[in-house]
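Asker: Numbering (the numbering used here), first residue to last: 108 to 315.
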Ligand code: UDP
Ligand code: MG
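(1) With burial defined as no fewer than 16 other Cβ atoms inside 10 Å of the residue's Cβ, what is the status of residue 262: buried or exposed?
(2) Write down every uninterrupted run of the alpha helix (DSSP H) in the region 176 to 221 whose length is 4 residues or greater and which is fully enclosed by it, in chain order.
(3) Helix, strand or coil for residue 147, going by three-state DSSP, please let me know.
(4) Does DSSP classify residue 169 as helix, strand or coil?
(5) Return yes when the C-beta of residue 225 is under 7 Å from any heavy atom of the ligand ATP, and no when it is not.
(6) From the DSSP output, read off the bridge partner residues of residue 280.
(7) Please check the pair residue 183 and residue 236, which I expect to be a contact at CB under 8 Å, by giving their CB distance rounded to whole angstroms.
(8) In this structure, how does DSSP classify residue 295 when only helix, strand and coil are distinguished?
(9) For residue 277, count neighbouring Cβ atoms within 10 angstroms of its own Cβ and tell me buried if that reaches 16, exposed if not.
(10) Applying the criterion that 16 or more other CB atoms from any shown protein chain within 10 Å of the CB defines a buried residue, is residue 195 buried or exposed?
(11) Along the beta strand (DSSP E) that carries residue 253, what are the first and last residues, could you check?
(12) Quick check on DSSP: helix, strand or coil for residue 242?
(13) On the DSSP letters alone, give me the boundaries of the alpha helix (DSSP H) that residue 261 sits inside.
(14) Please list, in chain order, all residues of the same chain as residue 206 whose beta carbon is under 8 Å from its beta carbon, the five residues on each side excluded.
(15) Taking 8 Å as the cut-off, does the region 183 to 193 touch the region 287 to 295 (at least 3 CB pairs, one atom from each stretch)?
(16) Nearest by alpha-carbon distance to residue 251: which of 239, 275, 279 is it?
(17) Pull up the distance between the alpha-carbon of residue 171 and that of residue 180, whole angstroms please.
(18) Buried or exposed, going by whether 16 or more other CB atoms sit within 10 Å of the CB of residue 174?
(19) Between residue 302 and the rest of its own chain, which residues show a CB-CB distance below 8 Å, the 5 nearest in sequence each way excluded?
(20) Given this structure, state the Cα-to-Cα distance separating residue 254 from residue 268, to the nearest angstrom.
(21) So residue 240 and residue 169 are in contact, right, with Cβ under 8 Å, and what is the actual spacing, rounded?
As structure tokens, then:
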């Protein structure tokens, strides 16, 4: 438990005990009970807010990129905001002009596809914002947040559905598997450019 967490917990205990002495702490009680439930959940495995499978949260990293159309259309802030508000942690970030070599490694499984030459032109047409994000099940969740490859088939509320309509200009990339994420992170980032840091709301947004 960090110093910050200890302080918050002690403050909550003070509120509870002052409530027991008859003071009006109605406004505080909602957050006290919520926080206490979270702390109990932290202390005991299999608490109520786990998912059905009861599987422990697995800390993962994934590679997300705002493609040149997203950068040109000034969507970088809104796309970053999607991942921040979901509760994920930013680990690495850079703006770069992508080379054809990097792109051919990144899309090595697609080089024989008929759309590949156009894809290379598109992806090298301007800067890309490359990012690494961290959180439980982030590979699966971020693919859902990004939506179907073809924005015309993407569900409303996904990034691709909300910001694009054509498969050749779909604004954002997200790794499609944990193995793919590992490969792409290593390809786009030096290990020293990724930052391990403690997010102060970590124990509130997950069990990690
Ligand atoms: N793409 C395209 N035409 C297609 C299919 C894909 O231009 O018919 C582009 C599109 O930008 C897509 C990228 O190629 O995001 C990579 O394709 P993939 O199948 O890996 O889709 P993704 O993982 O990005 O959803
Ligand atoms: Mg893909």
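All residues carry an ideal CB built from backbone N, CA and C; glycine is no exception.
Answerer: From the atom records:
(1) In the chain shown, residue 262 corresponds to position 155, counting from 1. Note on residue 262: under 16 other CB atoms within 10 angstroms of its CB, so exposed under the neighbour-count rule.
(2) Counting whole runs of 4 or more residues, the region 176 to 221 contains the alpha helix (DSSP H) stretches 183 to 193, 207 to 213.
(3) As a working note, residue 147 is residue 40 in the chain shown. Any reading at residue 147 needs caution, since the residue's pLDDT is 31, under 50, leaving its predicted position unreliable; the model's value is listed next. Residue 147 falls in the helix class under three-state DSSP.
(4) Counted from its first residue, the chain shown places residue 169 at position 62. Residue 169: strand per DSSP, three-state reduction.
(5) For the structure depicted, the ligand ATP is absent and the ligand set comprises only the ligand UDP and the ligand MG.
(6) For the purposes of this step, residue 280 is taken as residue 173 along the chain shown, with counting starting at 1. Answer by DSSP bridge pairing, in chain order: 172.
(7) Here the question's residue 183 lines up with position 76 in the chain shown. Here the question's residue 236 lines up with position 129 in the chain shown. Sure, about 5 Å apart at Cβ, within 8 Å.
(8) If you number the chain shown from 1, residue 295 lands on position 188. The three-state reading of DSSP puts residue 295 in helix, counting H, G and I together.
(9) Your numbering for residue 277 matches position 170 in the chain shown. Per the 10 Å Cβ criterion, buried.
(10) For the purposes of this step, residue 195 is taken as residue 88 along the chain shown, with counting starting at 1. The Cβ neighbour count for residue 195, taken over all protein chains shown within 10 Å, is at least 16; the residue is labelled buried.
(11) Here residue 253 refers to the residue found at position 146 of the chain shown. No beta strand (DSSP E) contains residue 253, which is instead part of the alpha helix (DSSP H) from 245 to 253.
(12) Against the chain shown, residue 242 aligns to sequence position 135. In this structure, residue 242 counts as strand in the three-state DSSP scheme.
(13) Translated into the one-based positions of the chain shown, residue 261 becomes position 154. Counted as a single uninterrupted DSSP element, the stretch harbouring residue 261 is not any alpha helix (DSSP H), since DSSP gives it neither H nor E.
(14) Counted from its first residue, the chain shown places residue 206 at position 99. Cβ within range, chain order: 231.
(15) For the pair of segments examined, the region 287 to 295 was found not to touch the region 183 to 193: the number of CB pairs separated by less than 8 Å stays below three.
(16) In the chain shown, residue 251 corresponds to position 144, counting from 1. Of the listed residues, the one whose Cα sits closest to residue 251 is 279.
(17) Along the chain shown, read from residue 1 onward, the residue named residue 171 stands at position 64. Along the chain shown, read from residue 1 onward, the residue named residue 180 stands at position 73. Residue 171 and residue 180 have their C-alpha atoms roughly 17 Å apart.
(18) Sequence index remark: in the chain shown, residue 174 carries index 67 (1-based). Flag for residue 174 reads buried.
(19) Residue 302 sits at position 195 when you count from the first residue of the chain shown. Here the set comprises 198, 199.
(20) On the chain shown, position 147 is the one that residue 254 refers to. On the chain shown, position 161 is the one that residue 268 refers to. Going by the C-alpha atoms only, they are around 7 Å apart.
(21) The residue you call residue 240 lines up with position 133 of the chain shown. The residue you call residue 169 lines up with position 62 of the chain shown. Yes, they are in contact, since the Cβ atoms of residue 240 and residue 169 sit about 6 Å apart, within 8 Å.
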